[in-house]
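Trainee: Following this message is one structure expressed as C-alpha cells.
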Amino acid sequence: MTTPGSRRTLVARRLLGALPLLLGVTLVSFTLTVHFGPDQAWELLGRNPTPEQVEQVQRQLGQDRPFLMRYGEFLQRLTRLELGHSQASGESVTGLLARTVPVSLLALAPGFVLGIALALALALAAAWRPGGRIDRLCRGLSSLGMSLSVVITVIALQAIFGVWLDWFPVRGWAVDNAASYLAHVAVPTMAMVAANLGYNLRFFRAVLVATINEPPARTALAYGLPKSRILTRYVLRAALLPILTRVVFSVPLILISGSLVIESHLGIPGAGRITFDAVTSGDQPVLMAVVSLSAVLFVVALTAADLLARLVDPRIRAA
Amino acid sequence: MKAPATTHKLTAGGLRAPLAVIAVYLVAAAGVWLGWWGTDWSGIQASGRQPPSPEHWLGTNLLGQDIFSRLLAGTATAFEVGLLVSVPATLLGALVGAFAGYFPQRWPDAVLMWLTGTLDAIPFYLFVIALSYAMRDHPAAMQLAMIMTFWTLTARIVRAETLRIRQLGFVAAARVSGLGSWQIIRRHVVPHTVHILLVQAAILFVAAIKAEVLLSFLGLGLQDGVSWGIMLAEASQEILAGHYGNFVAASAALLLLVLAINRMTDELQRSADPRSRGSADPAARHEATRA
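Note that the protein sequences, when read in sequence, are chains A and B.
Quick note: the first sequence, position 129, residue 128 per numbering that gives the first Met the number 0, numbers continuous.
Quick note: the second sequence, position 47, residue 46 per numbering that gives the first Met the number 0, numbers continuous.
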C-alpha cells in the first residue's frame with residue numbers, strides 16, 4: 000500500500016479530483032466579473048456614443064460571441080496569465096499584482112502566522128488540562144475574538160497606538176528599512192492576530208482534546224513519555240489534517256477580508272487596496288484577475304493541504 | 000418526531016442571560032419598526048460632535064445627527080439583514096442537503112456537492128463584491144449575495160445527517176407505504192434536522208450581521224439607511240479627532256449582540272447534540288463564522 004506507485008496514483012487522483020472544482024470557480028468568476036461585470040465597451044467609448052459605435056466596440060471586444068466561446072477564451076488567457084491592463088491606470092494587471100501582493104504579504108502575513116502559532120500553543124496547553132486555568136482563559140479569549148469584528152479592532156488599534164499612545168504610524172506604508180518596516184507592520188499584525196486567534200483557538204482546542212483522548216496519545220501517556228514528545232509526535236501529527244484544512248479555509252476568510260479592511264483603512268498599497276479601488280471604479284480586468292486567481296489559488300492550496308496531510312498520515316495513505 | 004430530550008434543562012441553564020440580551024435588542028428593533036423611536040436618525044438636530052446630554056443621550060455625530068437614534072435604527076437594520084439572510088439561507092441549505100443526502104452517489108448529489116465546493120472555494124467577500132457589481136441596480140444585492148453563499152455549510156451538515164436518517168426504519172416505512180421521495184424528504188427528513196437548522200440559522204444570523212458591518216464600513220454594503228457598519232465608517236474619521244461616541248456606541252452594540260447569540264448557539268448545540276456535551280463543541284463549526 001505504501002509503495003511509491005500507489006503514492007503516485009493518490010497524487011494523480013487528488014489532482015484530477017480538483018479539476019471540476021477549478022472549472023466551477025473559473026466559471027463563476029467569469030460569469031460575475033466578465034459576463035455581468037462592468038461593461039468595457041462603455042468604458043472605452045466617449046460620452047453619448049451612438050448605438051452603432053457601441054455595437055462596433057462590442058464586436059471588437061468579442062462580446063457578441065456565444066457564452067461558451069468567451070469562457071473558453073477566458074480560460075486560455077487565465078492559464079497564460081494574460082490578465083489585460085487596468086482601466087484606471089493602464090498598468091498591466093500582472094505588474095500591478097506583482098507590485099501589490101508582496102506589500103500585502105509583508106503587512107499581513109506576520110500577523111496571520113503569529114495568530115495561528117499563538118492559537119496552536121494556547122490550544123495545546125488548554126487541551127492538556129481541560130477545565131484548567133489556561134483552558135478557561137482560552138474559552139474567554141475565543142468567544143471574545145469570535146465576536147469582535149475586524150472593523151472594530153482596526154479602528155480601536157488605530158486610536159490606541161496611533162492617536163493616544165502615538166507609538167506607531169497608522170496611515171500609509173513608508174517602508175525603506177527594517178526599523179520602518181517594524182513600525183508599520185505593528186498595527187496590522189495586532190489586528191490580524193485579533194482576527195485570527197479567537198477563530199482558530201476554539202477549533203484547535205476541540206480537535207486537540209479529541210486527539211489527546213484517543214488510544215495512541217493515551218497509551219503514550221501511560222508509557223510515561225515526556226509531555227513534549229506526546230504533544231508533537233502523537234497529538235499534533237494526528238490532528239494535522241483538520242488543522243491544515245482549517246488554516247487553508249481561514250486564508251480567504253481572514254486574510255482576504257483582513258486585507259480589504261486593514262489596507263483600505265490604514266492606507267497600505269497592497270492587493271486588498273487595489274481590489275477595493277477596482278470595485279469602486281469598476282475596473283473590470285483587475286476585479287476579474289483578483290477574483291479568479293484567488294479562487295484558483297484556494298483550490299490549489301486546499302488540494303495541496305489535503306495531499307500533504309495524506310502523505311504524512313499512514314491511516315489515510317492506506318485508504 | 001423526537002424533540003431534543005433536554006428542553007427543560009435548556010431554558011433553566013445557561014440560555015437565560017443570552018436570551019435576555021437578545022430580547023432587549025429585539026424590543027429596540029421592534030420599536031423602530033413600529034415607529035416608536037429611532038425614526039429621526041437622519042435629521043440634523045444639533046451642531047456636530049456634541050457630548051452626551053439629556054436631549055442627545057449619546058451625543059451627536061460629525062454632522063449633528065443623534066447617535067442614540069442612529070444606534071436604535073441600526074439595531075433594526077441588523078435584525079433585518081440578519082433575518083433576511085439567515086432564514087432563506089438555512090432553508091436553502093436544508094433542502095439542498097436533504098436532497099443530496101437522500102440520493103447519495105447519484106447525479107443530483109454529485110452536482111449539488113460540486114456547487115457547494117465551488118461556492119466555498121471563492122473568497123466570500125470577493126464573491127459578494129463581484130455579485131453586488133453584477134446586480135448593481137438591485138437594492139438587496141448584498142443580501143442576495145450572502146444568501147447565495149451562506150447556505151453551503153448548512154447543506155453539508157444536513158446532507159451528512161440525511162445519510163444517517165435515510166437508513167432508519169420510519170423512512171423505509173414511509174417508502175413502502177407509497178410516499179414519493181419529495182414527500183419523504185419534506186415530511187420525514189427535514190423535520191428531523193430542526194435542531195441543526197436552529198443552530199445554523201443562529202450562526203448565519205451572526206455571520207450576516209458581521210458581513211454587513213464589514214461591507215458597509217467599506218462603503219460596499221447598505222446603499223441607503225443607517226447601520227452599525229455605517230456608524231463605524233463615520234467613527235473611523237471622528238476618532239482621529241478624539242470623538243469616541245459613535246465608535247463606542249456602534250461597536251458595543253455589535254459586540255454584545257454577537258456575544259449573546261454565540262453564547263445561545265453554544266448552549267443550543269450542546270443540548271441538541273449529546274456527543275458534543277462535555278467537550279467544547281463539535282468540529283461542525285468548522286469554517287462557520289465567515290467574518
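Beta carbons are placed, not taken as given, at the ideal position from N, Cα and C, and that holds for glycine.
Can the beta-carbon of residue 258(A) be found closer than 9 angstroms to that of residue 136(A)?
Mentor: Start at 1 with the first residue of the first sequence, and residue 258(A) comes out as number 259. Start at 1 with the first residue of the first sequence, and residue 136(A) comes out as number 137. No.
Trainee: Taking the alpha-carbon positions, what's the residue 18(A) to residue 240(B) distance?
Mentor: Residue numbering aside, residue 18(A) sits at position 19 when the first sequence is read from its first letter. Residue numbering aside, residue 240(B) sits at position 241 when the second sequence is read from its first letter. Going by the C-alpha atoms only, they are around 52 angstroms apart.
Trainee: Starting from residue 77(A), follow the alpha helix (DSSP H) in both directions and report where the run begins and ends.
Mentor: Locating residue 77(A) in the first sequence gives position 78, counting from the first residue. 66 to 78 is the extent of the alpha helix (DSSP H) around residue 77(A).
Trainee: Roughly how many angstroms separate the alpha carbons of residue 53(B) and residue 294(A), rounded to a whole number?
Mentor: Here residue 53(B) is taken as the residue at index 54 of the second sequence, counted from 1. Here residue 294(A) is taken as the residue at index 295 of the first sequence, counted from 1. Their Cα atoms are separated by approximately 52 angstroms.
Trainee: Should residue 117(B) be flagged as near chain A, meaning a C-beta pair shorter than 9 angstroms?
Mentor: As a working note, residue 117(B) is residue 118 in the second sequence. Output row for residue 117(B): interface = yes.
Trainee: Comparing C-alpha positions only, which one of 101(B), 34(B), 214(B) sits nearest to residue 184(B)?
Mentor: Position 185 of the second sequence, counted from the first residue, corresponds to residue 184(B). Closest by alpha carbon: 101(B).
Trainee: Could you tell me whether any Cβ in chain A is nearer than 9 angstroms to the Cβ of residue 261(B)?
Mentor: Indexing the second sequence from 1 puts residue 261(B) at position 262. Interface residue, yes.
Trainee: When DSSP labels each residue in this structure, what does residue 210(A) get in the three-state scheme?
Mentor: As a working mapping, residue 210(A) is identified with position 211 in the first sequence. Residue 210(A): helix per DSSP, three-state reduction.
Trainee: Looking only at DSSP bridge pairs, what is residue 28(A) linked to?
Mentor: By one-based count along the first sequence, residue 28(A) stands at place 29. Partner(s): none; residue 28(A) has no beta bridge.
Trainee: Short of 8 angstroms Cβ to Cβ, which residues in the region 267 to 297 of chain A face chain B?
Mentor: Listed by position, the residues of the region 267 to 297 of chain A near chain B (Cβ gap below 8 angstroms) are 274, 275, 278, 279, 281, 286, 289, 290, 293, 294, 297.
Trainee: Verify whether the separation of the beta carbon atoms of residue 20(B) and residue 259(B) is less than 9 angstroms.
Mentor: On the second sequence, position 21 is the one that residue 20(B) refers to. On the second sequence, position 260 is the one that residue 259(B) refers to. Closer than 9 angstroms, so yes.
Trainee: For residue 306(A) and chain B, any beta-carbon pair shorter than 9 angstroms?
Mentor: As a working mapping, residue 306(A) is identified with position 307 in the first sequence. No, residue 306(A) lies away from the interface with chain B (no Cβ there is under 9 angstroms from its Cβ).
Trainee: Give a yes or no on whether the C-beta atoms belonging to residue 207(A) and residue 186(A) are separated by under 9 angstroms.
Mentor: Within the first sequence, the letter at position 208 stands for residue 207(A). Within the first sequence, the letter at position 187 stands for residue 186(A). It is not a contact, given that the beta carbons lie outside the stated cut-off.
Trainee: Closer than 9 angstroms, CB to CB, is residue 101(A) near chain B or not?
Mentor: Residue numbering aside, residue 101(A) sits at position 102 when the first sequence is read from its first letter. No, because no Cβ of chain B sits closer than 9 angstroms to the Cβ of residue 101(A).
Trainee: For residue 188(B) and residue 269(A), what's the separation of their Cα atoms in angstroms?
Mentor: Mapped onto the second sequence, residue 188(B) falls at position 189. Mapped onto the first sequence, residue 269(A) falls at position 270. If I take the Cα positions, the gap works out to 48 angstroms.
Trainee: For the alpha helix (DSSP H) containing residue 116(B), list its first residue and its last residue.
Mentor: Taking the first residue of the second sequence as 1, we reach residue 116(B) at position 117. Start and end: 106 to 120.
Trainee: Mind checking residue 228(B): buried by the 16 CB within 10 Å criterion, or exposed?
Mentor: Within the second sequence, numbered from 1, the residue matching residue 228(B) stands at position 229. Buried.
Trainee: Quick one, which of 82(B), 150(B), 122(B) has its alpha-carbon nearest residue 247(A)'s?
Mentor: Here residue 247(A) refers to the residue found at position 248 when the first sequence is read from its first residue. That would be 122(B), whose Cα lies nearest to the Cα of residue 247(A).
Trainee: Here's the rule I'm using: 16 or more other beta-carbon atoms within 10 Å means buried, otherwise exposed. How should residue 15(A) be labelled?
Mentor: Within the first sequence, numbered from 1, the residue matching residue 15(A) stands at position 16. Residue 15(A) is exposed by the Cβ-count criterion.
Trainee: What residues are listed by DSSP as bridge partners for residue 76(B)?
Mentor: For the purposes of this step, residue 76(B) is identified with residue 77 of the second sequence, where counting begins at 1. Partner(s): none; residue 76(B) has no beta bridge.
Trainee: What's the call for residue 271(A), buried or exposed, on a 16-neighbour Cβ count within 10 Å?
Mentor: One-based indexing of the first sequence puts residue 271(A) at position 272. It is buried - the Cβ of residue 271(A) has at least 16 other Cβ atoms within 10 Å.
Trainee: Kindly indicate which three-state DSSP category residue 134(A) falls into: helix, strand or coil?
Mentor: On the first sequence, residue 134(A) is found 135 positions in, with the first residue counted as 1. Residue state, collapsed to three classes: helix.
Trainee: Short check: CB of residue 96(B) to CB of residue 160(B), under 9 angstroms?
Mentor: For the purposes of this step, residue 96(B) is taken as the residue at position 97 of the second sequence. For the purposes of this step, residue 160(B) is taken as the residue at position 161 of the second sequence. Yes, Cβ-Cβ distance for residue 96(B) and residue 160(B) is below 9 angstroms.
Trainee: Give a yes or no on whether the minimum CB-CB distance between residue 167(A) and chain B is below 9 angstroms.
Mentor: Translated into positions along the first sequence, residue 167(A) becomes position 168. It does not; no Cβ of chain B falls within 9 angstroms.
Trainee: Given residue 162(B), which residues of its chain have a CB within under 7 angstroms of its CB, disregarding the five upstream and five downstream residues?
Mentor: Taking the first residue of the second sequence as position 1, residue 162(B) is located at position 163. Closer than 7 angstroms at the Cβ level, and outside the excluded window around residue 162(B), lie 100, 103.
Trainee: Would you mind telling me which residues of chain B sit closer than 7 angstroms to residue 335(A), beta carbon to beta carbon, in chain order?
Mentor: Nothing can be reported for residue 335(A), as the shown portion of chain A is limited to 0 through 318.
Trainee: In whole angstroms, what is the alpha-carbon distance linking residue 38(B) and residue 29(B)?
Mentor: Mapped onto the second sequence, residue 38(B) falls at position 39. Mapped onto the second sequence, residue 29(B) falls at position 30. Cα to Cα, residue 38(B) sits roughly 12 angstroms from residue 29(B).
Trainee: Among residues of its own chain, excluding the 5 on either side of residue 203(A), which ones have a beta-carbon nearer than 7 angstroms to its beta-carbon?
Mentor: Position 204 of the first sequence, counting from 1, holds the residue named residue 203(A). 118, 119, 122, 242.
Trainee: Beta-carbon of residue 16(B) versus every beta-carbon of chain A: anything under 9 angstroms?
Mentor: Residue numbering aside, residue 16(B) sits at position 17 when the second sequence is read from its first letter. No, its Cβ sits nowhere closer than 9 angstroms to a Cβ of chain A.
Trainee: Between residue 188(A) and the rest of its own chain, which residues show a CB-CB distance below 7 angstroms, the 5 nearest in sequence each way excluded?
Mentor: In the first sequence, residue 188(A) corresponds to position 189, counting from 1. Correct list, in chain order: 109, 110, 113.
Trainee: Quick one: Cα of residue 115(B) to Cα of residue 108(B), how far?
Mentor: Your numbering for residue 115(B) matches position 116 in the second sequence. Your numbering for residue 108(B) matches position 109 in the second sequence. Their Cα atoms are separated by approximately 10 angstroms.
Trainee: Do the region 136 to 144 of chain B and the region 77 to 87 of chain B make contact, defined as three or more Cβ pairs closer than 8 angstroms?
Mentor: Judged by Cβ distances under 8 angstroms, the region 136 to 144 of chain B makes contact with the region 77 to 87 of chain B, as three or more pairs qualify.
Trainee: Under a three-way DSSP split, which group does residue 299(A) fall into?
Mentor: The residue labelled residue 299(A) in the question sits at position 300 within the first sequence. Helix.
Trainee: For residue 279(B), which residues of its own chain have a beta-carbon under 8 angstroms away from its beta-carbon, when the five flanking residues on both sides are left out?
Mentor: For the purposes of this step, residue 279(B) is taken as residue 280 along the second sequence, with counting starting at 1. Caution applies to residue 279(B), whose pLDDT of 39 falls short of 50 and renders its modelled position unreliable; the value that the coordinates give is listed next. Excluding residues within five positions, none has a Cβ falling inside 8 angstroms.
Trainee: So for residue 65(B), helix, strand or coil by DSSP?
Mentor: Within the second sequence, the letter at position 66 stands for residue 65(B). Here residue 65(B) sits in strand by DSSP.
Trainee: Could you tell me whether the region 204 to 223 of chain B touches the region 138 to 156 of chain A, where touching means 3 or more Cβ pairs closer than 8 angstroms?
Mentor: Contact holds: three or more Cβ-Cβ distances are below 8 angstroms.
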